[in-house]
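*Asks:* Quick one: the structure is below, and I'll ask about it shortly.
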Amino acid sequence: MASAGERFLPAARLIVRGRIGPVAASVAEVRDRLRGGLVPAVPVPRTADGALAVAAQEAYAAYLATQPVVGVAVWVHTGRGLHLPVEMRRQVLRSWRQAMGRERLVIAGAGAPPDAADCDAEARRMAEEARDLGADALLCFPPVRYRGDPAGIVAYHQALAEAGLPLLLFYLYEAAGGVTYSLDVLTELFALPSVAGIKMATLDSVMTFQDVARLLRRQFPGTVLVTGEDRFLGYSLLCGAESALIGMGAALPAPQAALVATRPTDDPARFVRLTVAIDDFAQATFRAPMEGYIRRMLWALADTGVIPEAATHDPVGPPLAAWEREDVRAATRRLAAVAGAL
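Heads up, the sequence shown is in my numbering, so the first residue is 1096 and it goes up one at a time.
Listed below in structure tokens is the structure:
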């Protein structure tokens, strides 16, 4: 498999709402680039007063541009996309687009808060903004407004598709603001021509992951299964995930990228060794309170010298106990040792 720096997106053009505009990738191209690769879901470095830590953001983007990733996901759950002020949101995407160049994907979250007056219209505006700022594809925030409304769920995704970018569906567990999509609803969504794949983030529902993986194998084999399962990353790859889009990849991505690229049948010892090391890191960073994982990942970035400690604030997240700081620091040291040995 070619490295992230060797795989390029060909230029393409797309007619969107009566005008011609540049688009980085088609559905097929997004699928091809995702397979075998890691896409970190990136947090936003912020100061204690909630402002964007601009220098830290630029340093972070420059750091990930040197790592073996096939792209980044911005404005998603890890990046507090539905909570960022509009201008900060734009500044963040511009930063990542510039850092990633056209050699790598920039996937942007698109959706609307549950209390939005017009969920579809607001989500569509966010999708169009992402397109206009240079995103290659969209990760569709689950429409909480339409829980229990299959027709509403499908219509919402059709509205996002109007932006003209390839879509990644997002199966997110409900406690984190997600929606439980039935297999019937997923069958309808997978049939939409703009859908490139689905990110699964069930947290701990192995059975749900297996059911969706089976549906894709049997009926939609070309659609990419993207794991978002930080707490069972290795097993999700055994279940058929072809790519990973995870918040855990925001720091020390090299071991995680190596795991995604390793076929367990080709090198089972390496696969198990990487899985054990990454699971150790996940247990320190993805734990209750689960929404605290964003600050924990920012801490890990500080511990590796990417951003300063002053830029590790998450205004939306819960308070974390003081002992957690040292726990994350120790776990980061252990995974850094693995990264250094690759």
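Each residue gets a CB set at the ideal place from its N, CA and C atoms; glycine is no exception. Treat the numbers as computed from the prediction; the structure is a model and nothing was measured.
Could you tell me the alpha carbon to alpha carbon distance between Val1134 and Leu1347, rounded to whole angstroms?
*Replies:* Looking at the two C-alpha atoms, the distance is approximately 12 angstroms.
*Asks:* Thinking just about the alpha-carbon of each residue, which of Gly1317, Phe1376 and Gln1152 is nearest to the one in Met1183?
*Replies:* Per the Cα distances, Gln1152.
*Asks:* Once the 5 residues before and after Ala1417 are set aside, which same chain residues still bring their CB inside 7 angstroms of it?
*Replies:* Once the five neighbours on either side are set aside, Ala1417 has no close Cβ partner at all.
*Asks:* Closer than 7 angstroms by C-beta to Pro1413: which residues in its own chain qualify, once you throw out the five before and the five after it? Chain order, please.
*Replies:* Only Pro1384, Glu1386 and Gly1387 meet the Cβ criterion.
*Asks:* Is the beta carbon of Arg1429 less than 7 angstroms from the beta carbon of Asp1398?
*Replies:* No, the pair does not count as a contact, with Cβ atoms beyond the cut-off.
*Asks:* So Thr1318 packs on Ile1293, CB below 8 angstroms; how close in whole Å?
*Replies:* Rounded, the Cβ-Cβ distance is 7 angstroms, consistent with contact.
*Asks:* For Leu1354, decide whether its Cβ has a neighbour in chain D, counting only Cβ atoms nearer than 7 angstroms.
*Replies:* Given the protein chain composition of this structure (a single chain), no chain D is represented.
*Asks:* Per DSSP, what kind of secondary structure is Arg1128 in: helix, strand or coil?
*Replies:* Arg1128: helix per DSSP, three-state reduction.
*Asks:* Relative to the alpha-carbon of Val1290, which residue among Gly1323, Val1301 and Ala1254 has its alpha-carbon at the smallest distance?
*Replies:* Checking every option, the nearest Cα to that of Val1290 belongs to Ala1254.
*Asks:* Is Gly1400 helix, strand or coil when you go by DSSP?
*Replies:* It is coil, neither helix nor strand.
*Asks:* Let me know the secondary structure DSSP gives Ser1338 once reduced to three states.
*Replies:* If DSSP states are grouped into helix, strand and coil, Ser1338 belongs with the strands.
*Asks:* Can you have a look at Glu1124 and say buried or exposed, based on whether 16 or more other CB atoms are within 10 angstroms of its CB?
*Replies:* Buried is the call here.
*Asks:* To the nearest angstrom, how far is it from the Cα of Phe1236 to the Cα of Phe1366?
*Replies:* Computed Cα separation, rounded: 31 angstroms.
*Asks:* Per DSSP, what kind of secondary structure is Leu1233 in: helix, strand or coil?
*Replies:* Strand at Leu1233.
*Asks:* I want to know whether the stretch 1292-1312 touches the stretch 1323-1342 - three or more CB-CB distances under 8 angstroms.
*Replies:* The stretch 1292-1312, when compared against the stretch 1323-1342, does touch it at the 8 angstroms Cβ threshold.
*Asks:* Pop quiz: Val1433 and Pro1350 are said to be a contact at Cβ under 8 angstroms. What is the actual Cβ separation, rounded to whole angstroms?
*Replies:* Yes, they are in contact, since the Cβ atoms of Val1433 and Pro1350 sit about 5 angstroms apart, within 8 angstroms.
*Asks:* Beta-carbon within less than 6 angstroms of Pro1208's beta-carbon, same chain only, minus the 5 sequence neighbours each way: which residues are those?
*Replies:* The answer, listed in chain order, is Leu1177.
*Asks:* Any heavy atom of the ligand COA inside 6 angstroms of the beta-carbon of Asp1279?
*Replies:* Ligands displayed in this structure: none; no statement on the ligand COA is therefore possible.
*Asks:* Considering only residues of the same chain and omitting the five flanking positions on each side of Ile1248, which have a CB-CB separation below 8 angstroms?
*Replies:* Pro1238, Tyr1241, Val1274, Tyr1276, Val1280 and Leu1284.
*Asks:* Whole-angstrom Cβ separation of Leu1228 and Arg1192, contact assumed at under 8 angstroms?
*Replies:* Contact holds; Cβ gap of about 7 angstroms.
*Asks:* Mapping DSSP to helix, strand and coil, what is Tyr1266?
*Replies:* Tyr1266 falls in the strand class under three-state DSSP.
*Asks:* Would a C-beta distance cut-off of 7 angstroms place Tyr1438 and Val1371 closer than the cut-off?
*Replies:* Residue numbering for the chain in the displayed model covers 1096 to 1437; residue 1438 lies beyond these limits and cannot be assessed.
*Asks:* Where in the stretch 1354-1432 do unbroken runs of the alpha helix (DSSP H), each at least 4 residues long, occur, reported from the N-terminal end onward?
*Replies:* Segments of the alpha helix (DSSP H) lying fully in the stretch 1354-1432: 1363-1380 and 1388-1398.
*Asks:* My output table needs one value for Val1201: the three-state DSSP class, helix, strand or coil.
*Replies:* Residue state, collapsed to three classes: strand.
*Asks:* On a Cα-Cα basis, can you pick out the residue from Ala1377, Phe1265, Ala1436 and Arg1312 that is closest to Val1171?
*Replies:* Of Ala1377, Phe1265, Ala1436 and Arg1312, the residue nearest in Cα terms is Phe1265.
*Asks:* Just to confirm, is the Cβ distance from Ser1338 to Leu1200 under 7 angstroms?
*Replies:* No. Outside cutoff.
*Asks:* I'd like the list of long-range same chain contacts for Arg1189, defined as Cβ closer than 7 angstroms, with 5 residues on each side in sequence excluded.
*Replies:* Around Arg1189: Leu1228.
*Asks:* Just grab the DSSP bridge partners of Arg1141 for me.
*Replies:* Looking at the DSSP assignment, Arg1141 forms a beta bridge with Leu1147 and Thr1407.
*Asks:* I'd like to check one pair, Ala1406 with Pro1138: are the Cβ atoms closer than 7 angstroms?
*Replies:* It is not a contact, given that the beta carbons lie outside the stated cut-off.
*Asks:* How far does the beta strand (DSSP E) with Pro1135 in it extend, from its first residue to its last?
*Replies:* Taken as a continuous stretch (DSSP letters only), the beta strand (DSSP E) holding Pro1135 covers Leu1133 to Pro1135.
*Asks:* Quick one: what does DSSP say Leu1332 is sitting in, helix, strand or coil?
*Replies:* Looking at Leu1332 - three-state DSSP - the assignment turns out to be helix.
*Asks:* So Ser1121 and Pro1261 are in contact, right, with Cβ under 8 angstroms, and what is the actual spacing, rounded?
*Replies:* Yes, Ser1121 and Pro1261 are in contact; Cβ-Cβ is about 7 angstroms, under 8 angstroms.
*Asks:* Would Ala1205 and Ala1225 qualify as a contact pair, given that the criterion is a beta-carbon distance under 7 angstroms?
*Replies:* Contact: yes.
*Asks:* Using the rule of at least 16 other Cβ atoms within 10 Å of the residue's Cβ for burial, across every protein chain shown, is Leu1333 buried or exposed?
*Replies:* Per the 10 Å Cβ criterion, exposed.
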